[in-house]
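In UniProt numbering, the protein residues as written are 1 to 108.
Take a look at the structure below.
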Amino acid sequence: MATKKASKKATKKAARKATKKSVKKAAKKSTTRKSAAKKATKKAAKKSSTRKYSPSAGKNVETEMRAMKAGKLKSGRSGKKVTSRKQAIAIGLSKARKAGKKVPKKRS
């Protein structure tokens, strides 16, 4: 009986050591990942410190969205009703560009 208890204790100790090692390794890996992620977000935050769209450009988009929801927004050439949210945003941004407000260049 004494040998069985001793062998059980030994196996329990070995299992505890193994789990402690794996926990420590996992903790080390997660901390390095977190610090790398923090650095990346800090760099991204520094790059986009100035705003890309002016507040008045946002208001243009807002008015176009309201017109679309009311069913009054029409597309340029055909004059058809605009039903797409993306299209309403595009119309608002293009009007803001024409008015000379701060809006990024159109993607091709």
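For glycine and all other residues, C-beta sits at the position ideal for the given N, C-alpha and C.
It should be emphasised that the depicted structure is a prediction, and the values quoted were computed from it without experimental measurement.
Apart from the five residues on each side of it in sequence, which residues of its chain come closer than 8 Å, Cβ to Cβ, to Asn60? If you ignore the 5 residues before and after Asn60, its C-beta comes within less than 8 Å of the C-beta of Gly92, Leu93, Lys95, Ala96, Ala99, Lys101, all in its own chain and listed in chain order.
Leaving out the 5 sequence neighbours to the left and right, which residues in its chain are closer than 8 Å to Lys74 when beta-carbon positions are compared? Answer for Lys74: Lys80, Lys81, Val82, listed in chain order.
Would Ala14 be called buried (16 or more neighbouring beta carbons within 10 Å of its own) or exposed? Ala14 is classed as exposed because its beta carbon has fewer than 16 other beta carbons within 10 Å across all chains shown.
Taking the alpha-carbon positions, what's the Ser108 to Arg16 distance? CA-CA distance, Ser108 to Arg16, rounds to 60 Å.
Measuring alpha carbon to alpha carbon, tell me which of Met65, Thr50, Lys12 ends up nearest Val103. Of the candidates Met65, Thr50, Lys12, the one whose C-alpha sits nearest the C-alpha of Val103 is Thr50.
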